[in-house]
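Student:
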Amino acid sequence: MKTLRLFGMAIVAVMLAMPATSCDDDDDDDDTQIETTEDGIVTGQKKLVKIVEYEEEREGSYVYIDVDTAILRYDSKGRLIRWEDDDYDPKGSGFVYGYAYLQTYTWTENSIAYHYNEDGYTGDYTYVLSDNMVMEKTDGSYPVTYQYDSDKRIALESEKDDSDTDEYYYSWDDDKLVRFYWLGAYDNEFHYGGKTCKGYNPWLADWVSSLAVAHPELFGCRTNQLPDYQIRRYEDGEEERRELSYTFYGDGYLESVTQTYDGHYYKETYFWE
Numbered sequence: 034m035k036t037l038r039l040f041g042m043a044i045v046a047v048m049l050a051m052p053a054t055s056c057d058d059d060d061d062d063d064d065t066q067i068e069t070t071e072d073g074i075v076t077g078q079k080k081l082v083k084i085v086e087y088e089e090e091r092e093g094s095y096v097y098i099d100v101d102t103a104i105l106r107y108d109s110k111g112r113l114i115r116w117e118d119d120d121y122d123p124k125g126s127g128f129v130y131g132y133a134y135l136q137t138y139t140w141t142e143n144s145i146a147y148h149y150n151e152d153g154y155t156g157d158y159t160y161v162l163s164d165n166m167v168m169e170k171t172d173g174s175y176p177v178t179y180q181y182d183s184d185k186r187i188a189l190e191s192e193k194d195d196s197d198t199d200e201y202y203y204s205w206d207d208d209k210l211v212r213f214y215w216l217g218a219y220d221n222e223f224h225y226g227g228k229t230c231k232g233y234n235p236w237l238a239d240w241v242s243s244l245a246v247a248h249p250e251l252f253g254c255r256t257n258q259l260p261d262y263q264i265r266r267y268e269d270g271e272e273e274r275r276e277l278s279y280t281f282y283g284d285g286y287l288e289s290v291t292q293t294y295d296g297h298y299y300k301e302t303y304f305w306e
């Protein structure tokens, strides 16, 4: 759901010890004990199986509401094979509109075949891997390439077409994503106050791709850090602060992330198995 970022889509120690607000460092599936398969897929932790996104925008008497539900399916090796997305604008937003978006993934050695169908519009891509990291996504003509820093964290994504190249820059401070810069569009800074979760934070992975939401380890963006707020700066000089808040399941996994700013309310709810 990387496209969602185009819509605007980012405690004291006592609080960190509470399961309702943070990870418990003593849990059996602590990130320090991560194991991976031969495909580089993390095992021993819960899988993300459903995401419900709710977006509400208010300006005067105008109200816009959008609801999106994604169902994720995995094979016996824990690899994502299907992402089914239903999006609609319910009554109350002034009109009703919906579409279905299906993504399927077929895994082979050092590559993942990716097929999508968006309301009848279809396409095929191939993710090319090296050392269990995604290096390229291509449809045979216009490649998307990925570069990584010395810690194997995603640093640059370049997307080419006939006339232009989109470039997305990622900056890290250890395991904290501190900046996402879309060249020519907007710049984002993420500010942290010590919040973490069990497993990983899919909201941050969503800045990379849908595949990264399920398997952030393939892009070096797996992190359990939770930003307190996000600063977005546009090319025209406009700046806005987006506050982030979270809820957690009893085992410390992230239940939801809510983003609020300037009449916008955006919430993602996560379901794990």
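At position 38 of the sequence shown the residue is numbered 71 (this note's numbering), and the sequence of numbers has no breaks. For every residue, glycine included, the Cβ atom is placed at its ideal position computed from N, Cα and C. Note that the structure is a prediction, hence the values are computed from the model and not measured.
How many whole angstroms separate the CB atoms of Leu113 and Ala238, which I take to be in contact at a CB cut-off of 8 angstroms?
Tutor: Translated into positions along the sequence shown, residue 113 becomes position 80. Translated into positions along the sequence shown, residue 238 becomes position 205. Contact doesn't hold; Cβ gap of about 12 angstroms is too wide.
Student: Report the option in Asp220, Arg255, Phe223, Tyr225 whose CA atom is closest to the CA atom of Lys231.
Tutor: Mapped onto the sequence shown, residue 231 falls at position 198. When each option's Cα is compared against that of Lys231, the closest is Arg255.
Student: Of the residues Asp120, Glu190, Asn221, which one's Cα is nearest the Cα of Glu271?
Tutor: Translated into positions along the sequence shown, residue 271 becomes position 238. Looking at the Cα atoms, Asn221 is the closest of the given residues.
Student: Using a 10 Å radius around the Cβ and a threshold of 16 neighbouring Cβ atoms, would you call Tyr203 buried or exposed?
Tutor: The residue you call residue 203 lines up with position 170 of the sequence shown. Buried: at least 16 other Cβ atoms inside 10 Å.
Student: Identify every residue that forms a DSSP beta bridge with His297.
Tutor: As a working note, residue 297 is residue 264 in the sequence shown. Its beta-bridge partners are Glu90, Tyr294.
Student: Going by DSSP, which residues form a beta bridge with Ser229?
Tutor: Here the question's residue 229 lines up with position 196 in the sequence shown. Reading off the sequence shown, one finds Thr at residue 229, where the question assumed Ser. DSSP output for Thr229 lists Gln258 as bridge partner(s).
Student: On a Cα-Cα basis, can you pick out the residue from Lys79, Tyr97, Thr69, Thr102 that is closest to Thr302?
Tutor: Here residue 302 refers to the residue found at position 269 of the sequence shown. It is Thr102.
Student: Within the same chain, show all residues whose beta-carbon is closer than 6 angstroms to that of Lys209, passing over the 5 residues directly before and after it, in chain order.
Tutor: Working through the sequence shown from its first residue, we reach residue 209 at position 176. Counting only Cβ-Cβ distances below 6 angstroms, and skipping sequence neighbours, we find Tyr225, Gln258.
Student: Hey, is the stretch 286 to 298 in contact with the stretch 82 to 101, meaning 3+ C-beta pairs nearer than 8 angstroms?
Tutor: yes
Student: At what residue ranges does the stretch 171 to 245 contain a whole run of the beta strand (DSSP E), taking only runs of 3 or more?
Tutor: 177 to 181, 187 to 193, 198 to 206, 209 to 215, 219 to 229
Student: Please name the residue or residues paired with Met166 in a DSSP beta bridge.
Tutor: On the sequence shown, position 133 is the one that residue 166 refers to. Its beta-bridge partners are Ser163.
Student: Just the Cα atoms here: how many angstroms apart are Lys110 and Ser174?
Tutor: Within the sequence shown, numbered from 1, the residue matching residue 110 stands at position 77. Within the sequence shown, numbered from 1, the residue matching residue 174 stands at position 141. Rounded to whole angstroms, Lys110 to Ser174 spans 31 angstroms at the Cα level.
Student: So, for Val47: in the same chain, excluding its five sequence neighbours on each side, which residues have a beta-carbon less than 6 angstroms away from its beta-carbon?
Tutor: Here residue 47 is taken as the residue at index 14 of the sequence shown, counted from 1. Residue confidence is low: Val47 scores 33 on pLDDT, short of 50, so the model does not pin down where it sits. No coordinate-derived value is stated.
Student: Looking at the structure shown, is Glu272 part of a helix, part of a strand, or coil, going by DSSP?
Tutor: By one-based count along the sequence shown, residue 272 stands at place 239. Here Glu272 sits in strand by DSSP.
Student: Rounded to a whole number of angstroms, what is the C-alpha to C-alpha distance between Asn165 and Asp184?
Tutor: Here residue 165 is taken as the residue at index 132 of the sequence shown, counted from 1. Here residue 184 is taken as the residue at index 151 of the sequence shown, counted from 1. Distance between the alpha carbons of Asn165 and Asp184: 14 angstroms.
Student: Checking the sheet assignment: what are the DSSP bridge partners for Ile264?
Tutor: Position 231 of the sequence shown, counting from 1, holds the residue named residue 264. Ile264 is bridged to Glu222, Arg274.
Student: Alpha carbons only, please: which of Arg266, Pro235, Tyr262 is nearest the one belonging to Leu287?
Tutor: By 1-based counting over the sequence shown, the position of residue 287 is 254. Of the listed residues, the one whose Cα sits closest to Leu287 is Pro235.
Student: Apart from the five residues just before and just after Ser278, which ones in its own chain have a Cβ nearer than 7 angstroms to its Cβ?
Tutor: Position 245 of the sequence shown, counted from the start, is the residue given in the question as residue 278. Hits under 7 angstroms: Thr291.
Student: Determine the direct distance from the alpha carbon of Thr76 to that of Thr70, and round the result to whole angstroms.
Tutor: Taking the first residue of the sequence shown as position 1, residue 70 is located at position 37. Taking the first residue of the sequence shown as position 1, residue 76 is located at position 43. Going from the Cα of Thr70 to the Cα of Thr76 covers about 7 angstroms.
Student: Leaving out five residues before and five after Glu306 in sequence, what residues of the same chain have Cβ atoms less than 7 angstroms from its Cβ?
Tutor: Numbered from its first residue, the sequence shown carries residue 306 at position 273. Spatial neighbours of Glu306 in its own chain (CB-CB distance under 7 angstroms, excluding positions within 5 residues in sequence) are listed in chain order as Lys79, Lys80, Val82.
Student: Between Ser289 and Asp120, what straight-line distance do the alpha-carbon atoms span, to the nearest angstrom?
Tutor: Position 256 of the sequence shown, counting from 1, holds the residue named residue 289. Position 87 of the sequence shown, counting from 1, holds the residue named residue 120. Going from the Cα of Ser289 to the Cα of Asp120 covers about 18 angstroms.
Student: Can you tell me which of Glu86, Ile67, Glu68 puts its alpha carbon nearest to the alpha carbon of Phe304?
Tutor: To locate residue 304, count along the sequence shown from 1; it is residue 271. Residue Glu86 is the option with its Cα nearest to Phe304.
Student: Am I right that Ile145 and Phe252 are in contact with their C-beta atoms under 8 angstroms? What's the rounded C-beta distance?
Tutor: If you number the sequence shown from 1, residue 145 lands on position 112. If you number the sequence shown from 1, residue 252 lands on position 219. Wrong, their Cβ atoms sit about 12 angstroms apart, outside the cutoff.
Student: Might you give, ordered along the chain, the residues of its own chain that have their beta carbon closer than 7 angstroms to the beta carbon of Val211, omitting 5 neighbours on each side?
Tutor: For the purposes of this step, residue 211 is taken as residue 178 along the sequence shown, with counting starting at 1. Around Val211: Ser204, Trp205, Glu222, Phe223.
Student: DSSP on Glu250, reduced to helix/strand/coil?
Tutor: Here residue 250 corresponds to residue number 217 of the sequence shown, with the count starting at 1. Residue state, collapsed to three classes: helix.
Student: Could you check the C-alpha separation between Pro249 and Ile74 for me, to the nearest Å?
Tutor: Here the question's residue 249 lines up with position 216 in the sequence shown. Here the question's residue 74 lines up with position 41 in the sequence shown. Pro249 and Ile74: Cα-Cα distance of roughly 9 angstroms.
Student: Quick one: Cα of Thr178 to Cα of Tyr160, how far?
Tutor: On the sequence shown, position 145 is the one that residue 178 refers to. On the sequence shown, position 127 is the one that residue 160 refers to. Taking the straight line from one Cα to the other gives about 10 angstroms.
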